[in-house]
């Protein structure tokens, strides 16, 4: 490897990147965009679920129950309707996710101690939100029951003992159960995967498409030199973006950073090497820029988004898919990033993940240079 | 058909379908993504790895624990008698939740006092943590209800029959089994059509600009409209074809029901694809290179997907961002897709969404066409 | 069109990109059947001028009429009358030869009755008969170039703009290419061609020398050589070129020097009188002169001398 040739290629790449100011700006703005989009757009703290109520009785007692719904921060009672068809319409049109229907004999049955059924019609197209809504509705009903029974027992001169199990949840690492604390370290991984592969996937494909590659390989430059020279500028951009992401996460979204910076920097460097060489491999193999960008989407962004445990928990996937996730580099970095941010894990606990990334880095570099050789001959 | 438009169309189709690889690019990636998404995207939480620390070791505590062991939501992986061990397991990520019952649990219950169940939760994945804590609460609540009922039955069996009680009747509509594939599959169709049509359209024009063929076309007497139609009609058709393809995968492979009318879905797809053509064309007017087009495209597609309500409900987003979602055509198309697939609703409900997409598409296409100049500066 | 009315007329044309003046007040005219060469180094403004004449770029100032039509005002009307070939190969590499031809034929709306004749003509001209179904990207550069020319003249334009059409093409193909151009000119087509090959410039009826966005001289090759060079050109071959160049530049009777391959060209006021003293001047200073003789000036001599003068006057 010759330093001056490497330097020349890197410098050429930097000039091309710099000349395209707009792309450069966009690349820098990318972490910002992803942070805002995921930080605000993805929220698992399901609150303010829009609710329609249909009170067929309209008594003091039925209104009392509805007040319990109103008081809950999980529900937002949007409208009270007076016919069943309006309920159907609201659910169909998506104006509400839950419709609470109170029967016309509500207070009657309560008096005669018959169990009263209150219907919760739930729009279950979004099964997760539906599930959570049902859970919250149940909690509302139970607290109403407790109050009702307590009153009843007291009025009948009975013991007012309420034996109950109270759950004291201690949430470790992310005490307030904030989505952002979970999302932000994940976005770091996503941004790196995107920068690394999306952008680099085009660098070589572009040179083939424009015919400048023939010129380049006719010089005594070696494939490894081409690769490193082309990747170094993107590596720097990637590191910068990583730092930007971490900064926004810590200072804007107030996500705690509990680990060691050295561990974070080291593993980011390793992961960047992996995604850059993957992007490079794609760009060598792909015939056109369009093909390269599509392949990069399938090979890097999509798995980083779907199969890394970023949003969808891996242990809930079918066994085959779980096996596949072991081949996704982003999976390992996702674990590292979250552990370092939230758990403050020391390096020995993430040794396996680091090792996996190192193997990927080595393997992909090898494959990329070999593919390059093959393409030339 | 006018000669020039026909020539443009023939040329585009020859280029798109010439070799195997580019034919594959049109239909392969969407189908692969559909399959991965269908299996990987689930927010359900089952089999949460759990550790148990029982310091009470009473009938009551064992009863409570057996409820957790029997639940499909928890997998009891370890029974410990040291709290530190539990902390260790959580640190290593081997269990997500540790349940601790302190001594005196049964006694407190008997005395009618609060008995504490401590749950230590790894909340670095806030979604799983939230849902898991919800299930812990549910199980604990049912346990206390039972305990209470049994107590009352033993002390005053007559009383029990007279206690007023409200029961929640859950009625999940549209997706009775709360199947997450039913939720995600229609959404994925929208995402894929968005990404495909925007990138294909943007790349198609920018590629010609980059290679230099655009210049050659511009000096011919071809009209602006002829060129634009020639460039967009193929991707309109490909977008439609892709919609059909992935919809078939969704229905035939994943077994998602199709309850509405094909006509309504087709109308929605046509309007949505027009919106995406407008976006793609717009990106092509502001991009000189394919790399620029890709990065700019990413800046549209990413927020469009996140803020469409694709994965998490719009009502959980901060209010400012909720307003923002009204500018997102995908939001409307998802309403159409889920409405037609799962709810079986028609134009009488979906006309506002259709109108919104129509307006968006018209405005976007107009802007793009006006911006599209037959000149190089 | 009568022989008197110009097919291309340019008046004080200016194109600025930001602060950079690419074309600076260019004026010239071209008549039917004329082959006009734009000569100048890369970046002189040749391509920008041609692109403005095709209506691809809007002039910042000045006027241009092509086939009597104001290009800036009605670019669309101009386009049916012109053919254009850019320096970069700009046909579709992923289309077959015949598909490219048919595509451009349709864009120019060539009537079905003429289509077959035109296609055959292009194939013959480009020497591609029998290779209609080859993928264009697989053709050698010279053939591609002729195919591009064929596609540019499918609709028999009366004016042809060629922007460095022969860059990267072998000499035999280049000669063949120029024969084609002269054929078309003979049929009355006006050809504007830009080049930086000096030998090609000799093929043109008239030359326009462009340097740093300005026209520095124009005329037929012969006129230019006669007018722009005030003296004779002497060729010098010797053992130490560098030293000889240094020495000769200092000599008072040498007006200009330039290196051509392994020899020097000098411009002196009168070859017969100046040669002998120069030979002694060099040999006394340790340069062994193997050859020194008067030669006919080439366009390159003219060009070097003109741009050198420009450079000097620019500094003053």
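Chains as they are written, first to last, in the working numbering: chain F, 1 to 377; chain G, 378 to 754; chain B, 755 to 1070. For every residue, glycine included, the Cβ atom is placed at its ideal position computed from N, Cα and C. Values in this document were obtained by computation on a predicted structure and should not be read as measured data.
For the candidate residues the options, whose alpha-carbon lies nearest to that of residue i?
i	options	result
residue 690(G)	104(F), 133(F) and 301(F)	133(F)
residue 714(G)	418(G), 486(G), 642(G) and 620(G)	642(G)
residue 41(F)	744(G), 683(G) and 557(G)	683(G)
residue 891(B)	850(B), 919(B), 903(B) and 925(B)	850(B)
residue 505(G)	693(G), 656(G), 450(G) and 522(G)	450(G)
residue 802(B)	791(B), 770(B) and 831(B)	770(B)
residue 1034(B)	916(B), 896(B), 977(B) and 1005(B)	1005(B)
residue 561(G)	412(G), 379(G) and 721(G)	412(G)
residue 227(F)	29(F), 372(F) and 357(F)	372(F)
If you measure from the beta carbon of residue i to each beta carbon in chain F, is any gap under 8 Å?
i	result
residue 671(G)	yes
residue 734(G)	no
residue 620(G)	no
residue 371(G)	The requested residue 371(G) does not occur in the structure, where chain G is confined to residues 378 to 754.
residue 547(G)	yes
residue 419(G)	yes
residue 662(G)	no
Taking just the CA atoms, how far does residue j sit from residue i?
i	j	result
residue 483(G)	residue 146(F)	21 Å
residue 106(F)	residue 543(G)	9 Å
residue 768(B)	residue 760(B)	20 Å
residue 806(B)	residue 296(F)	39 Å
residue 271(F)	residue 321(F)	22 Å
residue 565(G)	residue 589(G)	36 Å
residue 611(G)	residue 446(G)	57 Å
residue 712(G)	residue 638(G)	14 Å
residue 487(G)	residue 442(G)	17 Å
residue 727(G)	residue 353(F)	48 Å
residue 931(B)	residue 858(B)	20 Å
residue 821(B)	residue 827(B)	13 Å
residue 210(F)	residue 585(G)	12 Å
Show which residues of chain G have a CB atom less than 9 Å away from the CB atom of residue i.
i	result
residue 840(B)	589, 592, 593 and 596
residue 853(B)	387, 388 and 391
residue 836(B)	596
Using a C-beta to C-beta distance shorter than 8 Å, which residues of chain G count as neighbours of residue i?
i	result
residue 179(F)	503 and 504
residue 293(F)	576, 580, 667 and 671
Starting from residue i, find everything on chain B with Cβ-Cβ shorter than 7 Å and list it in chain order.
i	result
residue 395(G)	848
residue 380(G)	860 and 863
For a contact defined as C-beta to C-beta under 7 Å, what are the partners of residue i on chain G?
i	result
residue 833(B)	596, 597 and 598
residue 857(B)	384 and 388
residue 23(F)	668, 669 and 672
I'd like to know if residue i contacts chain B, where contact means its C-beta is closer than 8 Å to some C-beta of that chain.
i	result
residue 608(G)	no
residue 509(G)	no
For residue i, return the contacting residues in chain F, with the cut-off set at a CB-CB distance below 8 Å.
i	result
residue 688(G)	42 and 311
residue 559(G)	125 and 127
residue 398(G)	287 and 291
Any C-beta of chain G sitting closer than 8 Å to the C-beta of residue i?
i	result
residue 108(F)	no
residue 844(B)	yes
residue 830(B)	yes
residue 804(B)	no
residue 34(F)	yes
residue 254(F)	no
residue 1070(B)	At residue 1070(B), the pLDDT of 33 sits below 50, so the modelled position is not reliable; the number obtained from the coordinates is stated separately. So no, residue 1070(B) is outside the interface.
residue 321(F)	yes
residue 329(F)	no
Could you list which residues in chain D have their beta carbon closer than 8 Å to that of residue i, in chain order?
i	result
residue 550(G)	Within the model displayed, chain D is absent; protein chains F, G and B are what it includes.
Interface residues of chain F around residue i at Cβ under 7 Å?
i	result
residue 679(G)	33, 34 and 37
Chain G contacts made by the region 277 to 291 of chain F, where a contact means CB separation under 7 Å: 287, 289, 290 and 291
Members of the region 304 to 319 of chain F near chain G, C-beta cut-off 8 Å: 306, 307, 309, 311, 312, 313, 315, 316, 317 and 318
With 7 Å as the C-beta to C-beta threshold (strictly closer), list the residues of the region 911 to 940 of chain B near chain G in chain order. none
Of all the residues that make up the region 125 to 150 of chain F, which are near chain G by a beta-carbon distance shorter than 9 Å? 125, 126, 127, 128, 129, 130, 131, 132, 134, 135, 136, 137, 138, 139, 140, 141, 142, 144, 145, 148 and 149
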